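Residue numbering for the sequence shown follows my numbering, beginning at 1105 and increasing consecutively. The structure appears right after this line, and notes come after that.
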Amino acid sequence: MISVPTGEGLIGSLTYKDLHDIALELGFSIPRMVRADAMPVLDEGIKHRLGNVQYASVTYRLFKKPTGSKLSVQSKIVYQGNIRGFEDSLRFDVGYTFTKGQMKTVDSHLVEILSSSRFSKYFQTYQPDQDTELPSLDVNPFEYIKKTAPDKSCAAVKTCCT
């Protein structure tokens, strides 16, 4: 009989692609990844049964799309500040950090989120002069971890809470 690794934080995990699909199916915008951390499996018995499967703890921002939502074009926005604790800058996701008073071009999905959410009063929106290459919304958390913190990738982490 094969035992199931219950209670190990592994049951019920989603792939990031599944999360994106489920969010879109339920009427949410594309999930915006805020942070990702490697979650190494330290128990050798469980690790052996899992093979090459890797886990990460990922924080996303999800926003319900407004009724009758129509994507606009990318726009330029200016963060006004005024969010308590983030008066000078706001890290919205891994692709966008907004500094108070600085203009930044953003994708149409983010324009929609900012204009229809609690964040609307903290941003001014302007039309861009031309299309600009923007960060991808399809961020693989494992690639992000390797790129931003190679010493914290699943392969590199030696100890963790057990």
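For each residue, glycine too, the CB sits at the ideal point set by N, CA and C. A quick note: this is a predicted structure, and the numbers were derived from the prediction, not measured.
Secondary structure of residue 1153 (DSSP, three-state): helix. In its chain, beyond the 5 residues on either side, 1201 have a beta carbon closer than 6 Å to the beta carbon of residue 1195.
Within the DSSP secondary-structure output, residue 1204 pairs in a beta bridge with 1183. As the crow flies, the alpha-carbon of residue 1162 is around 23 Å from that of residue 1212. Residue 1210 places its beta carbon less than 8 Å from that of residue 1181.
For residue 1138, the closest alpha carbon among the candidates 1193, 1147, 1198 is that of 1198. The DSSP-derived three-state label of residue 1194 is strand. Non-local C-beta neighbours of residue 1207 in its own chain, meaning closer than 6 Å and more than five positions away in sequence, comprise 1180, 1182, ordered along the chain.
Shown here for residue 1171: not one same chain residue has a beta carbon closer than 8 Å to its own, the five before and five after excluded. Within 10 angstroms of the beta-carbon of residue 1231 lie fewer than 16 other beta-carbons, which makes it exposed. Annotation for residue 1252: the continuous alpha helix (DSSP H) segment containing it runs 1245-1252. The alpha-carbon of residue 1204 is positioned some 24 Å away from that of residue 1252.
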